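Quick notes on the structure that follows.
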Amino acid sequence: MPSHLLPVESPKVPAQPGEGRKVQPAAEAIPFAGLRLVHAALRRDLVRLPNALRLLQPEDTVTAEAIQRHWDFVTAMLTCHHEQQDTRMWPLLRRFAPELRLLLNWLESDHHNLDHSFTRITTLVRIATRDPASAWSVAYAVEELAARLETHLRIEERQLLPRLDGVFPAGSRIGTLPELLDLLRAADGPGTSDALVWLLEGVDPVQIDRLLADCDDATARHWPHWRDTYARCTDELWGPQA
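Residue numbers (full-length UniProt numbering): 1 to 242.
Below, the structure written as structure tokens:
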């Protein structure tokens, strides 16, 4: 993931007269970070997973199980992302930006189509992890799905995201990282710890600090432990991260 994933400059607070020390800018929530982070993480892993499948060797059950777990995790995160949009964002946009209704209808319909496609590929990944001889064809299927998903993500980013600032006021939790984490806690889906580290993998440390500042204190406090635990698990897939 590129370090410039969320190119939002830190606000600059001017020094006040008579102050002898440098004023530090306050952390400011990054708008719609939940959406942007999910998009970047999906792109990243849909490049890495086909390569992991192609490198899978017979009798390598540890890596095979790790690939299957990670694919299931990515699929669950995509489902939660779609739920965040379809149940929380799109209804508000239909009400306050009615000119977007046709686009939103198409996006919601495509969410269902993508969910079905991911379910189909889940079956293929399960076959490939049990029979590595089929892994190459499954890797191609994952790449085809990634290309299809890329079209969907670009439409959201180019046609929808630029319009959101005009609909949701500054400081709104809609589409934010904390809202996504709340949704994960309420749903029977991926754990908050794994989801957070997955979303923040590769993000610039300064931006991570800003994103964690927008979360609750417990999340920020547990972040270092969650990050280290997740790294030990994903080493089985990608190798030690530099």
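Even glycine gets a Cβ: it sits at the ideal position worked out from N, Cα and C.
Nothing here was measured: the structure is a model prediction, and the numbers come from that model.
Kindly indicate which residue of the options has the alpha-carbon position closest to the one of residue i.
i           : options                   : result
L53         : R44, R185, A147 and A135  : A135
L124        : I174, F96, A64 and N105   : A64
L160        : M89, A218 and R126        : M89
A33         : R210, A147 and P224       : R210
T176        : D188, P190, A187 and L199 : L199
R130        : A213, I67, A231 and G191  : I67
E179        : C215, P91 and S109        : C215
L143        : D45, A41 and V203         : Correcting the residue identity first, residue 143 is Glu in this sequence and not Leu. If we check each option's Cα against that of E143, D45 comes out closest.
residue 281 : C233, T219 and D188       : In this structure the chain extends from 1 to 242, so residue 281 is not present and cannot be described.
P91         : E201, W238, I174 and R221 : I174
By Cβ distance, which residues of its chain are closer than 7 Å to residue i, with the 5 residues on each side in sequence left out?
i    : result
A139 : P50, L53 and R54
L183 : C80, E83 and Q84
V197 : W226, R227 and Y230
D115 : T79 and H82
D86  : E108 and H111
E185 : First, the amino acid is wrong: residue 185 is Arg here, not Glu. Excluding positions up to five away in sequence, the list reads T192.
What is the rounded straight-line gap between the Cα of residue i and the Cα of residue j?
i    : j    : result
A195 : L107 : 23 Å
R43  : T79  : 15 Å
H82  : A133 : 33 Å
R101 : L93  : 8 Å
Q84  : A170 : 19 Å
H152 : P31  : 20 Å
H225 : P205 : 16 Å
T122 : R48  : 16 Å
D235 : W223 : 18 Å
P190 : P58  : 29 Å
L181 : L212 : 12 Å
T192 : V203 : 17 Å
T119 : N105 : 22 Å
F73  : S172 : 28 Å
T75  : E99  : 31 Å
Just to confirm my understanding: we take residue i, look at its own chain, exclude 5 residues before and 5 after, and list those with CB closer than 8 Å. What are they?
i    : result
A97  : R163, G166 and V167
S117 : L145 and R148
E156 : L35, H39 and L107
I127 : S134 and V138
E150 : R43
H56  : For the record, residue 56 in the displayed sequence is Leu; it is not His. Closer than 8 Å at the Cβ level, and outside the excluded window around L56, lie T63, A64, I67, A128, T129, P132 and A135.
D60  : P132
By Cβ distance, which residues of its chain are closer than 6 Å to residue i, with the 5 residues on each side in sequence left out?
i    : result
T219 : none
What residue ranges within the UniProt domain "Hemerythrin-like" (35-164) form continuous alpha helix (DSSP H) runs of no fewer than 4 residues, ordered along the chain?
Counting only runs of 4+ residues, the alpha helix (DSSP H) found wholly inside the UniProt domain "Hemerythrin-like" (35-164) occupies 61-84, 90-96, 101-130, 135-155 and 161-164, in chain order.
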